[in-house]
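Here the structure is laid out as structure tokens; the discussion comes afterwards.
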Ligand SMILES: Nc1ncnc2c1ncn2[C@@H]1O[C@H](COP(=O)(O)OP(=O)(O)O)[C@@H](O)[C@H]1O
Ligand SMILES: [Mg+2]
């Protein structure tokens, strides 16, 4: 059994005056110890609900979930001793200083006054929070709050860390900073389950990606496994002259597993192929033979975007609502 | 930053016990004390509003409302005390809703702390604010001519009864705050419900002076019982004042005590139960 194991989780919400929402619809997930797993899915897919079930905030209607063999529903108290959680929206007390926030968390973990203070000081150093150390959090940027919140999740050096959209709403610089922190954590051996809407983020940070849509995990594997699961490659030619477009299109069509796509300037043509390397060799030989001049010829594996599109039938769009998250 | 692994290696292993229940409650109380200090509006409102009430009622209305055998100032003080502490209990409602909205409740709920600690801290915060209000109101009352005409022990009992009732009511408000989830709605509803509840009572006029439907409401209004109990304990009931004909009116002190116990017995477990289920949207 994996370190985190979720089986057939179902969670429905019944908002007043609205139809029932199946936030989780038979979700299953395994996270091995010491790895980073990303829950990748669009807004409303059920990422936050999954995190809430695993962190004892919400009880599933049915299904089971365990962390290190401990049942999250039955033994919430034991779960809370081994997890660290940073939710989708930074949960810091505005009226407390950065130090007071962290010190309070330490004391509520029952570390004792002395150890709590020492740990709070240490985290302030580690997370570059000196500016917010002695000033109420009110008035600090979203990036700073996020860091305080994340530091709060690390007060006890938890065995497993849950990060719900840790970089949504951050500016690019803060995002890179957050990636840096997460990467270092992982090097220290912490098991991390993070959620994200960004394919690039999942690709960058996670060992394992679980693609989630409509409350179900629809695929799980490494980035490479997911990419090869939809099979094939993509070949793209960029021509020097538009005059060669019909000929080049014919050449590509001969090896393609999809209809050739021609760009608006009619000089770039792309197709999906089943066996990339062989197809590329054949295409280049034909191009040579017919003296077609090329600016560029290339082969790519599908991107995670393509994987997502293939699996869900829709693009991994990010809608406006999540942009204001902090 | 080199690593987040601490040299201290903090581990949250100490199991929940009576000791940690006590300390968790104190830690969350301290959080609210810091807030009272850093957001002075609460304290300013808490002290100015009762001063204003005491002055308004004892100077503006004193001339026009006649209380046989007593002065209006003497009559009104218990009413102002009761109204102020009841309103003082509503902070727990708006604060729980606010904490829920901001996700702070979620943070607390993922910590291995006592599930009642946040509520204990919150209601203690109200208790402190109400205690400060009481001191300010008593001082102002004494300045404008109000007198305690009972023994010190009875006066202390009156203050304790007012604060305890408000404390129990804080637990009701905390439950409502977690159920309604919107601090703004809580504030508006508090005003819409508590103004009639405190005004259609014997707080500001003898309930016998009210038109019949309102009088009946006032006689069964728990705020009336609280006011009457405090009035009796402060020795401020005018001699020969009519005593109501229901048992509740004749025995306000036991009535209030039973009310306090009933509110606590129902709403302490209910609020703790609710706390274990709420989470931010
Ligand atoms: N408290 C709630 N009440 C009603 N519906 C909810 C609640 N929380 C989540 N939902 C709904 O459940 C679905 C999954 O939500 P969520 O887990 O927050 O998705 P994600 O985090 O992937 O954006 C969404 O349709 C959302 O609107
Ligand atoms: Mg979410």
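Chains as they are written, first to last, in the working numbering: chain A, 846 to 1171; chain B, 4 to 284. The beta carbon of each residue, even a glycine, is placed where N, CA and C say it ideally should be. As the structure is a computational prediction, the values presented were derived from the model and not from experiment.
Taking 8 Å as the threshold, the shortest C-beta distance from residue 868 of chain A to chain B does not fall below it.
925, 926, 928, 930, 932, 934, 936, 938, 940, 941: these are the residues of the region 924-942 of chain A whose beta carbon lies less than 7 Å from some beta carbon of chain B, given in chain order. Taking 8 Å as the CB threshold, residue 1140 of chain A stays off the interface with chain B. Residues of the region 953-977 of chain A with a C-beta less than 9 Å from any C-beta of chain B: 953, 954, 955, 956, 957, 960, 961, 963, 964, 967, 968, 970, 971, 972, 973, listed in chain order. Within the region 981-1016 of chain A, the runs of alpha helix (DSSP H) at least 4 residues long that lie entirely inside it are, in chain order, 987-998. Non-local beta-carbon contacts of residue 930 of chain A in its own chain, meaning distances under 7 Å to residues more than five positions away in sequence, involve 900, 998, 1007 in chain order. Taking 8 Å as the CB threshold, residue 879 of chain A stays off the interface with chain B. Taking 7 Å as the cut-off, the C-beta of residue 934 of chain A does not count as close to any heavy atom of ligand 1. In the displayed model, residue 938 of chain A falls within coil according to three-state DSSP, outside both helix and strand. Nearest to residue 94 of chain B by C-alpha distance, out of B:77, B:85, B:169, is B:169. A Cβ of chain B is located within less than 8 Å of the beta carbon of residue 902 of chain A. Secondary structure of residue 215 of chain B (DSSP, three-state): helix. Judged by pairs of C-beta atoms under 8 Å, the region 192-203 of chain B touches the region 216-226 of chain B, as three or more such pairs exist. Not flagged as an interface residue toward chain A: residue 185 of chain B, since no C-beta distance is shorter than 8 Å. Any Cβ of chain B closer than 8 Å to the Cβ of residue 950 of chain A would place that residue at the interface, and such an atom is present. Pairing residue 191 of chain B with residue 185 of chain B, the inter-Cα distance amounts to about 10 Å. Put simply, of A:918, A:1156, A:1150, A:908 the residue whose alpha carbon is nearest the alpha carbon of residue 1043 of chain A is A:1150. Proximity of chain B to residue 981 of chain A at the Cβ level (cut-off 7 Å) is accounted for by 41, in chain order.
Membership of residue 1054 of chain A in the beta strand (DSSP E) is indicated by the continuous run 1053-1058. Taking all protein chains shown into account, residue 868 of chain A has 16 or more neighbouring C-beta atoms within 10 Å of its C-beta and is therefore buried. Residue pairing from DSSP places residue 1117 of chain A in a beta bridge opposite A:1079. For residue 275 of chain B, no CB of chain A lies under 8 Å from its own CB, so it is not counted at the interface with that chain.
The Cβ atoms of residue 890 of chain A and residue 109 of chain B do not sit closer than 8 Å to each other. Contact between the region 1151-1158 of chain A and the region 1084-1098 of chain A is not established, with fewer than three Cβ pairs separated by less than 8 Å. Taking residue 242 of chain B as the centre and dropping the five residues before and after it, the same chain places the C-beta of 72 closer than 7 Å to its C-beta, in chain order. Those residues that have a beta carbon less than 6 Å away from any non-hydrogen atom of ligand 1 are, in order along the chain, A:858, A:860, A:866, A:868, A:886, A:888, A:889, A:890, A:891, A:892, A:893, A:894, B:284. The C-beta of residue 922 of chain A comes closer than 8 Å to at least one C-beta of chain B.
Taking all protein chains in view, the Cβ of residue 234 of chain B is crowded by 16 or more other Cβ atoms within 10 Å, so the residue is classified as buried. In the structure shown, the three-state DSSP call for residue 902 of chain A is coil.
For residue 272 of chain B, there are no neighbours in chain A by C-beta distance under 7 Å, as the nearest C-beta there is about 18 Å away. By the 16-neighbour rule on beta-carbons within 10 angstroms, residue 1117 of chain A is buried. By the Cβ neighbour-count rule, residue 44 of chain B is exposed, with fewer than 16 other Cβ atoms within 10 Å of its own. For residue 268 of chain B, there is no enclosing beta strand (DSSP E); the residue is found in the alpha helix (DSSP H) stretching over 255-278. Remark: C-beta atoms of residue 140 of chain B and residue 166 of chain B do not approach each other more closely than 8 Å. A contact is defined here as three or more CB-CB pairs under 8 Å, and the region 1108-1126 of chain A meets this definition with respect to the region 1072-1082 of chain A. The secondary-structure analysis by DSSP pairs residue 849 of chain A across a beta bridge with A:876, A:912.
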